[in-house]
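**Q**
Chains as they are written, first to last, in the numbering used here: chain A, -11 to 291; chain B, -11 to 291.
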């Protein structure tokens, strides 16, 4: 199960009733945070989630509303006596930006690791999931991210039996290992059915609509997308500031065939995003104007 | 009238129910903020006060919980199209620290001015008030601040009449100007009574008790002082981390003959500071365990 919590839904500046946009995901003991603006650590605590399992923080870009909460988050993690390393992922310049911010957080008792993004797209693989970073179109270099969990096919006992494979080797094959026994090679494909549908969450903020988003969000279970403006007459403003309207986000959701879209990163001038959703749902029916703390528990399909 | 609002009362890290310690004062169109941790701009907005009048931000020291909110605050001020300069006051290193933090807030449409503190005490004078900075005792260089408003004596009409001074000059003398007329010199003292009691607010956090605090808080209308720990058995911990217990703060309030003391900068481990106030008030009766947003309107004495 993949736990997803959109900790905040604000853009530009934090407000008393709206934290800055940040996404926390929990899967198999891992914690992945995307963006960490001023107050993100409070939003997390308000939600009742701990920062301890966070082992990866991804940054879309280095505008303050997406990273200003990092020094405080690092210190809070340090105060909890964390020792495990923390991997930071973000556009080129990551180490320089983080080092500058650490002028007020110089001493932390765990290691920071850096993965700087330089290409149009990157795949960062972990044993049980991968992150896909893809460049989007803002007024500074900015990336979107997909969290992708693949799921192998069902173990087919009859095939294993037919091959004469002892039960003790089944588990390793199921986990993807190839096994050599007495000169014979057994690959997972020999005992597994067709790969089953996995899980995918795509997150993008601070961008105009792009092909890279549509491609990367293709078939996502959840597409979390910026919607800076709900008012239809703000399209020009969205273009100028390299943001999106709700309708542009919905068009991408439709093109990408996602299951569900959550809008986020609202302008401080937009207190009631719900007001525009009727029109948005004409473009993409499964669209939700997310509010702070919106949670989903994404489960693998039963079959 | 001097408006005072203790925006937050937390130390170390912001919590869902407690902003980081920060003091906002408003006087005669000026806004003075002391400390600006993560979330201070939200606390200010929650209180309904605008950041626009802030023309001075003082920092006690550069631990993150006292300055991590600065980049966001600067950007929010900039988004409100501020053009007037902002004076920053803090220990030596101020410009280096602020410049580092501005890696995520490089473009702001107003000037930053820096006043770096290097001595044991500094007086920074403005036309209608002054700030007194005084070194305290923490594990890094740290200062406390007093906001001091002096008040001249009452204008004594009979003296002005006796001197044969025309009415048009009265106002200038009352404002402290010296006037020369036909070879005669008229000073404010010639027409004003004894200086009347002004207003003083003293603020200090992140320190052991010091003589400098007692001296500088002497006779203050309001003394805002850190109380990291309420539990009497945490004195050793307070000593170790260079903080104070409630009782130590109360002893200083008593020695300094202040009118009222507000405790602040509570440890995250201290959810209910009120529990310890009975004992604290045995030392200094006018002691209050402040909560976020506590406000006072300090008025000049009527006489």
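Idealized CB from N, CA, C, for every residue including glycine.
Taking residue 274 (chain B) as the reference, give the member of B:121, B:210 and B:148 with the closest Cα.
**A** Taking the first residue of the second chain as 1, we reach residue 274 (chain B) at position 286. If we check each option's Cα against that of residue 274 (chain B), B:210 comes out closest.
**Q** For the stretch -1 to 18 of chain A, enumerate the residues whose C-beta is nearer than 8 Å to any C-beta of chain B, in chain order.
**A** 0, 1, 2, 3 and 4
**Q** Look at the Cβ atom of residue 8 (chain A), then the Cβ atom of residue 49 (chain A), and state whether they are nearer than 9 Å.
**A** Within the first chain, the letter at position 20 stands for residue 8 (chain A). Within the first chain, the letter at position 61 stands for residue 49 (chain A). Taking 9 Å as the Cβ cut-off, residue 8 (chain A) and residue 49 (chain A) do not qualify as a contacting pair.
**Q** Which one of A:200, A:272, A:73 and A:44 has the shortest CA to CA distance from residue 239 (chain A)?
**A** If you number the first chain from 1, residue 239 (chain A) lands on position 251. Ranking A:200, A:272, A:73 and A:44 by Cα distance to residue 239 (chain A) puts A:272 first.
**Q** Unbroken alpha helix (DSSP H) runs of length 4 or more, entirely within the stretch 165 to 214 of chain B: which are they?
**A** Inside the stretch 165 to 214 of chain B, DSSP marks whole alpha helix (DSSP H) runs of 4 or more residues at positions 199 to 205, from first to last along the chain.
**Q** I need the DSSP call for residue 50 (chain A), collapsed to helix, strand or coil.
**A** Along the first chain, one-based indexing puts residue 50 (chain A) at 62. Note: residue 50 (chain A) maps to coil in three-state DSSP.
**Q** Is there a C-beta anywhere in chain B that falls below 9 Å from the one on residue 84 (chain A)?
**A** Residue 84 (chain A) sits at position 96 when you count from the first residue of the first chain. Closer than 9 Å to some Cβ of chain B, the Cβ of residue 84 (chain A) qualifies, so yes.
**Q** Where do the ends of the beta strand (DSSP E) carrying residue -8 (chain A) lie?
**A** Residue numbering aside, residue -8 (chain A) sits at position 4 when the first chain is read from its first letter. Counting along the chain, the beta strand (DSSP E) containing residue -8 (chain A) begins and ends at -10 to -4.
**Q** Per DSSP, residue 110 (chain B) is paired with what?
**A** For this step, residue 110 (chain B) is matched to residue 122 along the second chain. Bridge partners of residue 110 (chain B): B:121.
**Q** By Cβ distance below 7 Å, which residues in the same chain neighbour residue 161 (chain A) in space, the five residues on each side in sequence not counted?
**A** Reading the first chain from its first residue, position 173 is the one you call residue 161 (chain A). 167, 174, 176 and 179.
**Q** Could you spell out the range, first to last residue, of the beta strand (DSSP E) harbouring residue 134 (chain B)?
**A** For this step, residue 134 (chain B) is matched to residue 146 along the second chain. 131 to 139 is the span of the beta strand (DSSP E), which, as asked, contains residue 134 (chain B).
**Q** Can you name the start and end residues of the beta strand (DSSP E) that residue 1 (chain B) belongs to?
**A** On the second chain, position 13 is the one that residue 1 (chain B) refers to. For residue 1 (chain B), no beta strand (DSSP E) segment is defined, and its DSSP state is neither H nor E.
**Q** Could you tell me the boundaries of the alpha helix (DSSP H) in which residue 10 (chain A) lies?
**A** Numbered from 1 along the first chain, position 22 holds the residue referred to as residue 10 (chain A). Careful: residue 10 (chain A) lies outside any alpha helix (DSSP H), inside the beta strand (DSSP E) at 10 to 15.
**Q** Could I get the ranges of all uninterrupted beta strand (DSSP E) runs contained in the stretch 208 to 256 of chain A, with 3 residues as the minimum, in chain order?
**A** 210 to 214 and 249 to 252
**Q** Is residue 193 (chain A) close to chain B? Criterion is C-beta to C-beta, closer than 9 Å.
**A** Here residue 193 (chain A) corresponds to residue number 205 of the first chain, with the count starting at 1. No, residue 193 (chain A) lies away from the interface with chain B (no Cβ there is under 9 Å from its Cβ).
**Q** On the premise that residue 88 (chain A) lies in contact with residue 88 (chain B), defined as a C-beta separation below 8 Å, what is that separation, rounded to the nearest angstrom?
**A** Taking the second chain and counting its residues from 1, the one referred to as residue 88 (chain B) is at position 100. Taking the first chain and counting its residues from 1, the one referred to as residue 88 (chain A) is at position 100. With a Cβ gap of about 4 Å, residue 88 (chain B) and residue 88 (chain A) count as contacting.
**Q** Please report the residue range of the alpha helix (DSSP H) in which residue 64 (chain A) lies.
**A** The residue labelled residue 64 (chain A) in the question sits at position 76 within the first chain. Unbroken alpha helix (DSSP H) run through residue 64 (chain A): 58 to 67.
**Q** Decide if residue 146 (chain B) is buried, meaning its Cβ has at least 16 other Cβ atoms within 10 Å, or exposed.
**A** Walking along the second chain from the start, residue 146 (chain B) turns up at place 158. Residue environment for residue 146 (chain B): exposed (fewer than 16 other C-beta atoms within 10 angstroms of its C-beta).
**Q** Name the chain B residues that come within less than 7 Å of residue 56 (chain A), Cβ to Cβ?
**A** As a first step, residue 56 (chain A) is located in the first chain; it is residue number 68 there, counting from the start. Correct list: 59, 60 and 92.
**Q** Is there contact here, the stretch 193 to 204 of chain B with the stretch 230 to 250 of chain B, by at least three beta-carbon pairs under 8 Å?
**A** At 8 Å Cβ cutoff, the stretches touch.
**Q** Starting from residue 266 (chain B) and walking both ways along the alpha helix (DSSP H), at which residues does that stretch end?
**A** Taking the second chain and counting its residues from 1, one reaches residue 266 (chain B) at position 278. It spans 265 to 271 - the alpha helix (DSSP H) in which residue 266 (chain B) sits, taken as one unbroken run.
**Q** Assuming the contact rule is C-beta atoms closer than 8 Å, residue 194 (chain B) and residue 103 (chain B) should be a hit. Round their C-beta distance to whole Å, please.
**A** As a working note, residue 194 (chain B) is residue 206 in the second chain. As a working note, residue 103 (chain B) is residue 115 in the second chain. The pair is not a contact, with the Cβ atoms about 20 Å apart (cut-off 8 Å).
**Q** Identify the contact partners of residue 50 (chain B) in chain A, using a Cβ-Cβ distance below 8 Å as the criterion.
**A** Walking along the second chain from the start, residue 50 (chain B) turns up at place 62. Correct list: 91 and 92.
**Q** I'd like to know if residue 64 (chain B) contacts chain A, where contact means its C-beta is closer than 9 Å to some C-beta of that chain.
**A** Locating residue 64 (chain B) in the second chain gives position 76, counting from the first residue. So yes, residue 64 (chain B) belongs to the interface.
**Q** Using a Cβ cut-off of 9 Å, pull out every chain B residue sitting near residue 88 (chain A), in sequence order please.
**A** The sequence position of residue 88 (chain A) within the first chain is 100, counting from 1. Going along chain B in sequence order, the residues near residue 88 (chain A) (Cβ under 9 Å) are 87, 88, 89, 90, 91 and 92.
**Q** Of the residues A:71, A:64, A:20 and A:66, which one's Cα is nearest the Cα of residue 47 (chain A)?
**A** Along the first chain, one-based indexing puts residue 47 (chain A) at 59. Here the closest residue by C-alpha is A:20.
**Q** Output the distance between the C-alpha atoms of residue 154 (chain B) and residue 143 (chain B), rounded to the nearest integer angstrom.
**A** Your numbering for residue 154 (chain B) matches position 166 in the second chain. Your numbering for residue 143 (chain B) matches position 155 in the second chain. Taking the straight line joining both Cα atoms gives about 14 Å.
**Q** Please confirm whether residue 104 (chain A) has its beta-carbon closer than 9 Å to some beta-carbon of chain B.
**A** One-based indexing of the first chain puts residue 104 (chain A) at position 116. No - not a single Cβ of chain B is within 9 Å of the one on residue 104 (chain A).
**Q** Using beta-carbon positions only, say whether residue 73 (chain B) and residue 32 (chain B) come within less than 9 Å of one another.
**A** Start at 1 with the first residue of the second chain, and residue 73 (chain B) comes out as number 85. Start at 1 with the first residue of the second chain, and residue 32 (chain B) comes out as number 44. Not closer than 9 Å, so no.
**Q** So, helix, strand or coil for residue 101 (chain B), using DSSP?
**A** As a working note, residue 101 (chain B) is residue 113 in the second chain. Three-state result, residue 101 (chain B): strand.
**Q** Where do the N-terminal and C-terminal ends of the alpha helix (DSSP H) with residue 34 (chain B) fall, by residue?
**A** By 1-based counting over the second chain, the position of residue 34 (chain B) is 46. Per DSSP, residue 34 (chain B) belongs to the alpha helix (DSSP H) from 28 to 35.
**Q** Taking the beta strand (DSSP E) that residue 282 (chain A) belongs to, which residues open and close that run?
**A** Indexing the first chain from 1 puts residue 282 (chain A) at position 294. Per DSSP, residue 282 (chain A) belongs to the beta strand (DSSP E) from 282 to 286.
**Q** Does any residue of chain B bring its CB to less than 9 Å from the CB of residue 201 (chain A)?
**A** One-based indexing of the first chain puts residue 201 (chain A) at position 213. By this cut-off, residue 201 (chain A) is not an interface position.
**Q** Could you tell me whether the Cβ atoms of residue 289 (chain A) and residue 184 (chain A) are closer together than 9 Å?
**A** Counted from its first residue, the first chain places residue 289 (chain A) at position 301. Counted from its first residue, the first chain places residue 184 (chain A) at position 196. Yes; because the gap between Cβ atoms is below 9 Å, this pair is in contact.
**Q** For residue 230 (chain B), collect the residues of the same chain with a Cβ closer than 8 Å to its Cβ; drop the 5 residues on either side in sequence, then sort them by chain order.
**A** Residue numbering aside, residue 230 (chain B) sits at position 242 when the second chain is read from its first letter. Only 125, 126, 127, 194, 195 and 196 meet the Cβ criterion.
**Q** Take residue 279 (chain A) as the anchor and find which of A:269, A:214 and A:225 has the nearest alpha-carbon.
**A** Translated into positions along the first chain, residue 279 (chain A) becomes position 291. Considering only alpha carbons, the answer is A:214.
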